[in-house]
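Residue numbers (the UniProt record's numbering): 1 to 879.
Note that the Cβ used here is the ideal one computed from N, Cα and C, for glycine as well.
Heads up, the thing below is written out as structure tokens.
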Amino acid sequence: MDYPVWQIAATGGGFWIALIATVHVFVAHFAVGGGLFLVLTEAKGHRENSPAILDYVKSHTTFFLLLTMVFGGLSGVAIWFTIAVLSPGGTLTLVNAFVWGWAMEWTFFLGEIAALLVYHYSFGKMAARDHMRVGWLYFIFAWLSLFTINGIIGVMLTPGAWATSNDFWDGMFNPSFWPSLVFRSFLAFMLAGLFGFVTAVRVRDAAARERVVRTCVAWAVISLPFLALSGWWYLSVLPQATLDFILRGSAEITPYLKALPVIAVAVGVFALLMAVRLPLSVRTPVAALLLVLGFGVVGAFEYIREAGRRPFIIQERMWSTGITPAQAEPLADPFLPRTKWAKNKEITQENRLDAGREIYAFQCLSCHSLSGPMKDIRTYTGHIGNQGVAAYLTGQGRLFKQMPPFVGSPAERDALAAYITAGVNGRPLDKPVVADIKTLPLDIPPFDADTASHLLLSWCTLGLKCITDADGFFTFLPPGSAVGAVLIRRDVLPEVVADGVEITYAAPEGFKHPSKHVDFWKYAPSLIGKEPKPDQSPAGKGLDGTLAFNEKSKTFEAAGIPVVPFSDDGSINPYPLFTITATDKATGTVLARTKTVLPVSTEMSCWKCHGGAFRKDGVTGISNITAAGILAVHDKRSGTDLAAKAAAGQPVMCQSCHPDALFDATADPKRLNLSAAMHGFHVNYMTGRGEDACADCHPDSHTGVTRCLRDNHAAKGIGCASCHGYLEDHALSLLRAEQAAGKERAGIFMRNITPRLVPQTADITPRLAWVQEPDCLTCHTDFATAQKDAKAFNVWVKDRAGLYRSRKEDTGNVPCIACHGAPHATYVANNAYGKDRDNVQPIQYMGFAGVIGSKGRCDVCHTVEMEGGEMHHPNMVKE
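Below, the structure is given as structure tokens:
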């Protein structure tokens, strides 16, 4: 925020720091270990009275001086230049805090230079004892330089008490100081052996060459177990959060973490191979390979150490963007006016992309490149549009600590997302999906109130069944709708019929072969462990069938009807009308017939964040690209192998791991239930939005192909939040229940979420998805018309018996849903595929759309005129 940005978009700032620093560290550690190697090998030469070994030491000293003093000195200056221009804030912080430490290190470095020059130029000209004393002085100065630098760079990962005290000595002797010093010392000794091979293979005297090579082998091999032990010590002193992040929290660190011990073992193996008398034609390339492996050890270690402090460049003090947490507060305040070097200070439609470019430079460029060798931004964002990028930015730093939180207003976040999408990735900005919906013909079955002996009421239990049509990759909502019905014998005192009748359902033509349209049946053995017949559900239900009488609910039911929203003619229809028929078992006489919609949808906009597009006609369904993207993220974040299983033809059902009350799936009880996991994870990326956030996953977009929120509440402008809360409130209600059950993951998902309809998280009532839903009577007190500002959120029914779809009117005979309509389609409903598509039964029986029996139409069931009374529930009769 306080400094201009060096515009090196092609590589990103992190590349140059990583490259120059790793090379310098490689050479600098050799400068330490090599100093001890020189003096001890010289001592060996004197002890054995071996001119050949002494000649080797002299020639190695020349190599050592040129590499460590000349190249090492230049690369050290390069580091200072690079960090000064790429991370000026971090550099200045370390200079100010440890100015005397730097002075000490530079003093030791001057001592190194003087001692090494004397050691080199006096070789063979000074008494052996004095010459070796100079060599020892060099090593002491070099190791003290390492000692000092180790403290300064260690505080960046483990600040310890320095984070609050700012005391010089607290910073120098930070928690990782000693294990890091020991580790780096043995790393230096190992590298001394590896660099020794480079010159040892050039010794002409065969006998001397063998002795020198074996000396190098000893340096390399003996250092390795101490390197491993000190590495373990190093890890043990890290703060738990940092350790967890390194070991389990970062998919980018994992390859380096796995590679480091493998490379170290390879160093040991090839170093031992050098001890074997091999021809120089073999030894020389092995020596070169060992040097490469040594660089690999240094590189892997430094990457783990540097990456382990993400998202900070100085732990708890400054983020990798150069912005401090103190400067960032409050996070959602506009960012550009707070920066000294931004041209644009506010976002307008005209400057949105240019302002986004400036924000990119301040908050992305320090780490990300454009098609460069490290952290190419296009790799992370090229597959999604600006809505997905905006969600990524919203979620930064909330669940995963690789990246700092985005600093800025929602408008600035969207400007950055637009720039990354259009300016960097060259994609057009997202446009709303607007489905072209045509009104479908509607045939109302006949009903004669004067002659009809029976009344048949039917409904879809859930009001809308969503399915995930990505069966080759995963499923959590397989096909399977449910229909219920009651048959009422019309009379003075009507009677619900339970015996002697058969009630059937029949799908419309074009919807009887769902296996033609989705791959559930192809992958069912892997998904659910069963192999149902094509076009039948695991429960044995087809698209035509019979409803069974449920003695407990006293209704006829058929669950598991595998309807899909795709017709055989290629069209999309989320509201197929099923024919429900009641027949006398004894005579075969049709007693009553009606129709009801079995709403079903595959409209989930996962593609916005996971790539790809809608699978079907650009308006619905999960495409293969999207599904693969979802699994890739799940594997990366949760350590699973779902993508590999899918590729092998063995996709899984999410409820095989996650409990889910919808399917009575217990799965692994230690894991979050599926609803809590889904909402709890995604709310961190979608927080701060309105009810449009619901429509990204649920099919209630006002311009989508389903438009499932179609009831009398929607007609009055009552949306999702009134009953379920905003996404934050909704997710917290699910997560609080899981947290109470002792599931640690719930707390992780909750920690950065703030409720919106209540003052604090503790005010949210925990609930279990599918079992504890909003209670209608919260707003409709005593069944009266609700007040305009009424909200049902945070008052849940106790169990399934209290659910709207399970409740009955006061006589205990007729379900509420039978007369009032299905959830999200309560009468009067307004369906996009035809205004009265959900109102068939009210129109059939009363001639108008409304609650069954409304406007005094008791004659729908009663064959005589009823006088007053509120037998079914209070406030039935309204003015």
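### Query
Does the beta-carbon distance from Val-298 to Phe-26 come in below 8 Å?
yes
#### Entry: Cα-Cα separation between Ala-647 and Asp-641, rounded to whole angstroms
10 Å
### Query
Can you find a CB in chain D that lies within less than 8 Å of the CB of Phe-566?
The structure shown contains no chain D; it holds only a single protein chain.
### Task
Over the uninterrupted beta strand (DSSP E) stretch that includes Trp-459, give me the two end residues.
454-460
### Given Arg-637 as reference, the closest of Phe-245, Thr-706 and Leu-65 once Cα atoms are compared
Phe-245
### Task
Check whether the region 420-428 touches the region 378-390, taking contact to mean three or more Cβ pairs, one atom from each stretch, closer than 8 Å.
yes
### Message
Please state whether the Cβ-Cβ distance between Leu-442 and Gly-853 is less than 8 Å.
### Response
no
### Task
Within the same chain, show all residues whose beta-carbon is closer than 6 Å to that of Met-871, passing over the 5 residues directly before and after it, in chain order.
none
### Task
Quick one: measure Cβ to Cβ for Thr-148 and Glu-105, integer angstroms, because I've assumed they're closer than 8 Å.
4 Å
### Residue burial classification, Ala-644 (beta-carbon count within 10 angstroms, cutoff 16)
exposed
### Query
Looking only at its own chain, which residues have a Cβ that is under 7 Å from the Cβ of Met-132, when we skip the five neighbours before and after it?
Val-39, Glu-42 and Ala-43
### Beta carbon of residue 882 nearer than 8 Å to that of Gln-844
Only positions 1 to 879 of the chain appear in this structure, which leaves residue 882 out of reach.
#### Entry: First and last residue of the uninterrupted alpha helix (DSSP H) at Thr-41
13-47
#### Entry: Backbone secondary structure at Pro-774 - three-state DSSP
strand
### Gln-363 beta carbon less than 8 Å from that of Phe-406
yes
### Message
Suppose only complete runs of 4+ residues qualify. What are the alpha helix (DSSP H) ranges in the region 216-261, listed by chain order?
### Response
240-244
### Cβ contact check for the region 86-98 and the region 117-134: 3 or more pairs under 8 Å
no
### Task
Would you be able to state if there are at least three C-beta pairs under 8 Å between the region 239-259 and the region 210-227?
no
### Task
Identify the continuous beta strand (DSSP E) that holds Lys-595 and give its terminal residues.
590-597
### Query
What is the rounded straight-line gap between the Cα of Ala-18 and the Cα of Pro-373?
11 Å
#### Entry: Length of the line joining the Cα atoms of Ala-731 and Ser-675
8 Å
#### Entry: 3-residue-minimum beta strand (DSSP E) runs that sit fully inside the region 435-521, ordered along the chain
454-460, 481-489, 495-497 and 501-506
### Message
Please tell me whether residue 881 and Tyr-3 are closer than 8 Å, where the distance is taken between their beta carbons.
### Response
For the chain, the structure presents residues 1 to 879; residue 881 sits outside this window and is missing.
### Message
Suppose only complete runs of 4+ residues qualify. What are the alpha helix (DSSP H) ranges in the region 606-673, listed by chain order?
### Response
607-610, 624-638 and 642-647
### Query
Distance, Cα to Cα, Gly-704 vs Val-497?
40 Å
### Task
Compute the distance between the beta-carbons of Val-597 and Pro-576, then report whether it is under 8 Å.
yes
### Task
Determine which residues share a DSSP beta bridge with Lys-808 and list them.
Pro-815
#### Entry: Helix, strand or coil at Glu-879 according to DSSP, with G and I counted as helix
Bear in mind that the predicted position of Glu-879 carries a pLDDT of just 40, short of 50, making it unreliable; the figure below should be weighed with that in mind. Of the three classes helix, strand and coil, the one that applies to Glu-879 here is coil, per DSSP.
### Task
Helix, strand or coil for Gly-397, going by three-state DSSP, please let me know.
coil
### Query
What's the C-alpha gap between Gly-690 and Met-876?
35 Å
### Task
Assign Asp-838 to one of two classes, buried (16 or more other C-beta atoms within 10 Å of its C-beta) or exposed (fewer than that).
buried
#### Entry: Where the alpha helix (DSSP H) containing Asn-425 begins and where it ends
Where Asn-425 is concerned, there is no enclosing alpha helix (DSSP H), given that its DSSP letter is neither H nor E.
#### Entry: Buried or exposed by the 16-neighbour rule on C-beta atoms within 10 Å, applied to residue 880
Outside the shown range of the chain, which is 1 to 879, sits residue 880, and nothing can be said about it.
### Task
Spatial neighbours of Ala-78 within its chain, please: CB distance less than 6 Å, with the 5 preceding and 5 following residues excluded, ordered by chain position.
Ile-20
### Query
Excluding five sequence neighbours on each side, which residues of the same chain lie with their C-beta closer than 7 Å to the C-beta of Pro-669?
Pro-659
### Task
For Gln-841, count neighbouring Cβ atoms within 10 angstroms of its own Cβ and tell me buried if that reaches 16, exposed if not.
buried
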